[in-house]
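In the numbering used here, the protein residues as written are 5 to 257.
Input: a single structure, listed below in structure tokens.
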């Protein structure tokens, strides 16, 4: 049975700790009625005092997105969800790739400044310094073994890349595939994807922001297929206003 209850809220403790403000996320119901009513329900699900709320709206909800934007929400980007389907596009290469329980974070911390296609970097209300701090601490946590699977690529015995995967109810989710700047265009990214794909441990998915055209091409060329699209909105408490008059849409014939 599909979940037709209202929006669900979850506090984002990690974001709150690093950013120094109260953060949360509202999840729209899986069966949604697009429009002003859903926008009101989403806003009503935000607890008092929360400073920043993340909402990922299915692309099938343009009216809800419009209603939230008219109330002061920020459109960050669109999130493209890909799933892996074609292992023939990932030939084995000579780069060393291993699964590890943990790894020294130092060599991989420079990745924090490179993950500019993320909602933290793209929201001017957060700022570059806080975004880098958040990603740096996230990489430290991953390297300490907080991911369900941690993959390290090496080239000539030097660290080249890091990948992290979390297990979800409907499969595995790639949280990060990062290649160090001095190791790019040498196959480290595809080598890590190949390692993950050949395990056949269930569906493998990854989320990519639409503005990250290089990553879109990388995953498309690596055997991933587009599955769904969601719009990422940030709702800053200090910027949200009372609801304006709802827009009237012409009926389709």
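Ideal Cβ positions, reconstructed from N, Cα and C, are used throughout, including at glycine.
Just so it is clear, the structure is predicted and the values come from calculations on it, not from any experiment.
N-terminal and C-terminal residue of the alpha helix (DSSP H) that residue i is part of
i, result
"residue 21", "17 to 23"
"residue 172", "Element bounds for residue 172: not the alpha helix (DSSP H) but the beta strand (DSSP E), 162 to 172."
"residue 113", "Residue 113 -> no alpha helix (DSSP H), and no H or E assigned at all."
Status (buried if at least 16 other CB within 10 Å, exposed otherwise) for residue i
i, result
"residue 37", "exposed"
"residue 172", "exposed"
"residue 225", "exposed"
"residue 176", "buried"
"residue 12", "exposed"
"residue 89", "exposed"
"residue 218", "exposed"
"residue 245", "exposed"
"residue 32", "buried"
"residue 1", "An answer regarding residue 1 cannot be provided, because it is not within the stretch 5 to 257 covered by the chain."
Boundaries (first-last residue) of the beta strand (DSSP E) holding residue i
i, result
"residue 84", "78 to 88"
"residue 103", "100 to 104"
"residue 57", "56 to 62"
"residue 232", "228 to 240"
Beta-carbon proximity check, residue i vs residue j, cutoff 7 Å
i, j, result
"residue 141", "residue 22", "yes"
"residue 157", "residue 210", "no"
"residue 168", "residue 148", "no"
"residue 155", "residue 187", "no"
"residue 124", "residue 135", "yes"
"residue 235", "residue 56", "no"
"residue 63", "residue 233", "yes"
"residue 166", "residue 182", "yes"
"residue 230", "residue 86", "yes"
Cα-Cα separation, residue i to residue j
i, j, result
"residue 68", "residue 122", "23 Å"
"residue 52", "residue 189", "47 Å"
"residue 207", "residue 73", "34 Å"
"residue 220", "residue 81", "14 Å"
"residue 238", "residue 40", "17 Å"
"residue 3", "residue 9", "Residue 3 is absent from the model: the chain starts at 5 and stops at 257."
"residue 105", "residue 42", "42 Å"
"residue 49", "residue 212", "27 Å"
"residue 14", "residue 20", "12 Å"
"residue 184", "residue 44", "43 Å"
"residue 215", "residue 243", "24 Å"
"residue 79", "residue 160", "43 Å"
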